[in-house]
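Working notes, beginning with the structure itself.
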Amino acid sequence: MNYKELILKDLITDNTKDLTDGRLFLKTAQNKKYSQNITEFITPKDLLKDLNLKTKFIGITGTNGKTTTAFVLGHLLSQAGYSVGIQGTEGFYLKGKKIESKTLTTPPIFTTIKRAVKYEPDFYIMEVSSHAIVQQRIEGIEFTAKILTSFSQDHLDFHKTMEEYKKVKESFFQDETVKVFNGKLLVKNEKCKVKSGGYEFNLNCKNLYVLEKSIVDDISMAGEFNKMNFSLALKTASLLTNSSLSIFNFSLFEGVPGRMEIVSKNPLVIIDFAHTPDGMEKVLSAVDGKKIVVFGAGGDRDKDKRHLMGEVADKYADYIIITEDNPRCEKAEDICEEIAKGVKTKPYEIITDRKKALKSALKKAKDNGFTVMVLGKGDENYIQYCDKKIDYSDREVIKSLIKKL
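Numbering of the sequence shown is given in our numbering, commencing with residue 2 and proceeding in unit increments.
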C-alpha cells in the first residue's frame, strides 16, 4: 500500500468523525479512547516505518531556549547544504520561510507526519513540549538527535511538582540516539547523572554530549544565555554532519522573531517571549542601563510562578508595569495583583490594558532615557480571553505608538 499517496490524497485520518469508506484510520495515543470499536487502522509507528522517509527528526525540549536553538540549528544545517523544516512556537518553517501558522508548540503526531511527507526536508527540527511527551504527540518518531536547552520552573498547573516535570523531560533522553544536554556531568556509569537547573537527571550514556559551558563567543543575539543556545545548536550540527565546529558561522543569522528583538532604537524597545522567572532573569540581566519592564502572566496556568516573576522584575528593572498576558478565564486584575506580591523595592503600577501599559512605558522611556523590555508574548499575534481570541501584536502596537510620541 502506498501510504505516501494516501496521505497526499487525504485518505488517512486521525479523526473518527472524518472516517468514511475508503479512508484509513490512524490510531494514536490521543484518539484511542474514541476509537475502541475501529478494527482496521494503522499506528504512527507503523505508518512512519512503512513511509521510510529520508527525513531525519531532531527533537528540542527545555523550559526556555527551544525556539532560538531550533532556528540557529536550522541556519547551520542550511549552511551545510541541507533542506530544513522547523516546527514549534513560531509555526512551521521550510527553508527559512514560514509555511504554516502555529497550532500547538508540538502538534498532534499526524500533523507532523503530514508535513514531513508533503515537504520532505532533509532535517525536521521540532520543539518538543513536556505536554507533548506526556500526551504522546511524538509517538512513533525515531529521532536522530535530541537536545535539552534548559530546565526551570514552568507548567506546574499541568505537572504539579518540579520532580514530576523533571521526570517527563528525563524520559525523553533514555534511548541511544545523539543527545546534547545543557548541564554538568556528575557521574558516568551504567547511567549518566547530569545536573541541570538544580535538578539531577539520570540519562542513557550512549551518544550523550553534555555542554557545561558555551563553546561560542561571537553571536548575533544579546544575552549570555543565548551563547548556550547557539552552542547546543553548533554541537548538534557538527555531530549530524560529521563536520568540524569551525566550518560553521553565525554571521548571516538574522535572529528569531520575538526573541530579544529590537523593535525601536529611539527609544530602545526590545520584545521577548520570556514568560518564566528564569527566562525573565536571563533576558533582563542581558541588557545594561536603566530599564522599564512590561509583562504579565498567563491565566489558568502555573500560579506559583507569578510572584517569582515579580521578584525577578524587582531585582533587575528600574520601573515595572504589570499588565495582561493571555488572561484566559481569570481576571487580569487578579493575576497582576499576584505578580505584584513579588515586587518589594521598585516602583510599579498595574495597567491591565496592554496597549495602555505600552503607551505609558514608551512615554516614560522617552522622558527618562529608559530601555523598554516588553516580555511574555514575543511574536504572538493574539491575546487569549476566556471566550475569545483577539488580534494583537506587541511589535505592531509599539511601532504605532512610537509614531505618535
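Every residue, glycine too, gets a C-beta built ideally from N, C-alpha and C.
From a predicted model like this one, the values you see are computed outputs, not experimental measurements.
Worksheet item: With respect to the alpha helix (DSSP H) encompassing aspartate 279, which residues constitute its N-terminal and C-terminal limits?
Response: As a first step, residue 279 must be located in the sequence shown, where it is residue number 278. Segment 278-286, the alpha helix (DSSP H) holding aspartate 279.
Discussion item. Could you check whether methionine 310 and glycine 343 sit closer than 8 Å to each other, using their CB atoms as the reference points?
Written reply: Residue 343 sits at position 342 when you count from the first residue of the sequence shown. Residue 310 sits at position 309 when you count from the first residue of the sequence shown. Yes, the Cβ-Cβ distance between glycine 343 and methionine 310 is below 8 Å.
Practice prompt. Would you please state the rounded distance, in angstroms, between the beta carbons of glycine 259 and glycine 86? I believe it to be under 8 Å.
Written response: For this step, residue 259 is matched to residue 258 along the sequence shown. For this step, residue 86 is matched to residue 85 along the sequence shown. Between glycine 86 and glycine 259 the Cβ distance is about 20 Å, and since that is not below 8 Å, they are no contact.
Worksheet item: By Cβ distance, which residues of its chain are closer than 8 Å to threonine 372, with the 5 residues on each side in sequence left out?
Response: Residue numbering aside, residue 372 sits at position 371 when the sequence shown is read from its first letter. Sequence-distant partners of threonine 372 (beyond 5 residues in either direction) whose C-beta falls short of 8 Å from its own C-beta, in its chain, are Pro268, Leu269, Val270, Ile271, Val288, Gly290, Lys291, Lys292, Ile293 and Ala366.
Worksheet item: Who pairs with arginine 260 in a beta bridge, going by DSSP?
Response: Start at 1 with the first residue of the sequence shown, and residue 260 comes out as number 259. According to DSSP, which records beta bridges pairwise, arginine 260 is partnered with Val257.
Discussion item. Our contact map puts glutamine 154 next to aspartate 279 with C-beta atoms below 8 Å; I'd like the distance itself, whole angstroms only.
Written reply: Here residue 154 is taken as the residue at index 153 of the sequence shown, counted from 1. Here residue 279 is taken as the residue at index 278 of the sequence shown, counted from 1. Indeed, because the Cβ distance is near 7 Å, the residues count as touching under 8 Å.
Practice prompt. Throw me the rounded Cβ distance for the glycine 63 and phenylalanine 152 pair, which I believe falls under 8 Å.
Written response: To locate residue 63, count along the sequence shown from 1; it is residue 62. To locate residue 152, count along the sequence shown from 1; it is residue 151. Contact annotation, glycine 63 with phenylalanine 152: C-beta distance approximately 7 Å; criterion of less than 8 Å satisfied.
Worksheet item: So, helix, strand or coil for isoleucine 248, using DSSP?
Response: Taking the first residue of the sequence shown as 1, we reach residue 248 at position 247. Helix, per DSSP.
Worksheet item: What are the residues that DSSP puts in a beta bridge with valine 217?
Response: As a first step, residue 217 must be located in the sequence shown, where it is residue number 216. DSSP lists no partner for valine 217.
Practice prompt. Give a yes or no on whether the C-beta atoms belonging to glycine 224 and lysine 283 are separated by under 8 Å.
Written response: Taking the first residue of the sequence shown as 1, we reach residue 224 at position 223. Taking the first residue of the sequence shown as 1, we reach residue 283 at position 282. For glycine 224 and lysine 283, yes; Cβs fall inside 8 Å.
Practice prompt. Please name the residue, chosen from Lys332, Gly297 and Met374, that lies closest to alanine 318 on a Cα-to-Cα basis.
Written response: Here the question's residue 318 lines up with position 317 in the sequence shown. Check the Cα spacing between alanine 318 and each of Lys332, Gly297 and Met374: the tightest is with Met374.
Worksheet item: First and last residue of the beta strand (DSSP E) that includes leucine 149?
Response: Position 148 of the sequence shown, counting from 1, holds the residue named residue 149. That run of the beta strand (DSSP E) goes 144-149.
Item to complete: Under 8 Å by Cβ, that's how I've got threonine 106 and alanine 146 pegged, so tell me the actual separation to the nearest angstrom.
Response: Taking the sequence shown and counting its residues from 1, one reaches residue 106 at position 105. Taking the sequence shown and counting its residues from 1, one reaches residue 146 at position 145. Between threonine 106 and alanine 146, the beta carbon gap of about 18 Å keeps them out of contact (Cβ cut-off 8 Å).
Worksheet entry | Minimum C-alpha distance to isoleucine 39 - residue among Leu48, Thr29 and Lys46 | In the sequence shown, the residue the question calls residue 39 occupies position 38. Looking at the Cα atoms, Thr29 is the closest of the given residues.
Practice prompt. Could I get the ranges of all uninterrupted alpha helix (DSSP H) runs contained in the stretch 36-91, with 4 residues as the minimum, in chain order?
Written response: Those alpha helix (DSSP H) runs which fall completely within the stretch 36-91 and span 4+ residues are 45-52 and 67-80.
Discussion item. I'd like the list of long-range same chain contacts for arginine 355, defined as Cβ closer than 6 Å, with 5 residues on each side in sequence excluded.
Written reply: The residue labelled residue 355 in the question sits at position 354 within the sequence shown. Cβ neighbours of arginine 355 within its own chain (closer than 6 Å, five residues either side excluded): Thr324 and Glu325.
Worksheet item: In terms of alpha-carbon separation, which member of Glu140, Gly198 and Phe72 lies closest to glutamate 164?
Response: If you number the sequence shown from 1, residue 164 lands on position 163. Closest by C-alpha distance to glutamate 164, out of Glu140, Gly198 and Phe72, is Gly198.
Worksheet item: Do you know how far the Cα of leucine 54 is from the Cα of cysteine 330?
Response: Indexing the sequence shown from 1 puts residue 330 at position 329. Indexing the sequence shown from 1 puts residue 54 at position 53. Our two residues, cysteine 330 and leucine 54, have alpha carbons roughly 42 Å apart in a direct line.
Fill in: The beta strand (DSSP E) enclosing glutamate 325, as first and last residue numbers
Sequence index remark: in the sequence shown, residue 325 carries index 324 (1-based). No beta strand (DSSP E) holds glutamate 325; DSSP gives it neither H nor E.
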